[in-house]
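First comes the structure, then the notes that go with it.
Numbering (full-length UniProt numbering), first residue to last: 1 to 170.
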């Protein structure tokens, strides 16, 4: 998806907004527009990723993914195998507030988490996501869901090494 027409529209709006200003103000506005173009491009890609995640959450047999080709995002729909419905299970007891939500719970909302990764590890994760033909975000979410679904409840016990860092093994 070529983002250039959308960015050009924003820049044209800025140009129209400063049409009655003096030349110095218009020159400053043009320089600001050039400086914020990468941030606008990134914001549009984030909006597309969020929209793809929202659409995917509504689908049962497909996933919408966003991948980058150069500077342009590409939206793709990947069909998944339909899984026959499992027989109904009795309702589980309510989860006490101090326990984490189960891996398959999905309240429809998303949260943003920042994780600092070594560059080499990020490169490997990017490669794995590309091989799976999904975005890195989608690949990480799917991997975390699989990991949580295979861990029996209560087996993750963090060990505190310092007042600022918590680590542990599952």
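Glycine is no exception: its CB is placed at the ideal position from the N, C-alpha and C atoms.
Buried/exposed call for residue i, threshold 16 Cβ in 10 Å
i: residue 73; result: buried
i: residue 42; result: exposed
i: residue 117; result: exposed
i: residue 138; result: buried
i: residue 17; result: exposed
i: residue 147; result: exposed
i: residue 39; result: exposed
i: residue 120; result: exposed
Rounded Cβ spacing between residue i and residue j (contact assumed at less than 8 Å)
i: residue 64; j: residue 56; result: 5 Å
i: residue 44; j: residue 6; result: 6 Å
i: residue 80; j: residue 62; result: 6 Å
Straight-line gap, residue i to residue j (C-alpha atoms, nearest Å)
i: residue 9; j: residue 78; result: 31 Å
i: residue 113; j: residue 20; result: 43 Å
i: residue 27; j: residue 34; result: 11 Å
i: residue 126; j: residue 136; result: 6 Å
i: residue 51; j: residue 145; result: 20 Å
i: residue 131; j: residue 22; result: 53 Å
Three-state class that DSSP yields for residue i in the structure shown
i: residue 75; result: strand
i: residue 37; result: helix
i: residue 113; result: coil
i: residue 132; result: coil
i: residue 21; result: coil
i: residue 166; result: The predicted position of residue 166 is uncertain, since its pLDDT is 49 and thus under 50; no value can be drawn from it.
i: residue 100; result: Bear in mind that a pLDDT of 49 at residue 100, under 50, signals an unreliable position, so the number given afterwards is only what the model happens to contain. Note: residue 100 maps to coil in three-state DSSP.
Beta carbon proximity, residue i to chain C, threshold 8 Å
i: residue 29; result: Looking at the structure shown, chain C is missing, and only one protein chain is on hand.
For residue i, the nearest candidate out of the options (CA to CA)
i: residue 32; options: 146, 14 and 47; result: 14
i: residue 37; options: 145, 130, 134 and 71; result: 71
i: residue 1; options: 150, 141, 23 and 69; result: 69
i: residue 110; options: 141, 119 and 131; result: 141
i: residue 3; options: 46, 24 and 29; result: 46
i: residue 133; options: 30, 75, 29 and 58; result: 75
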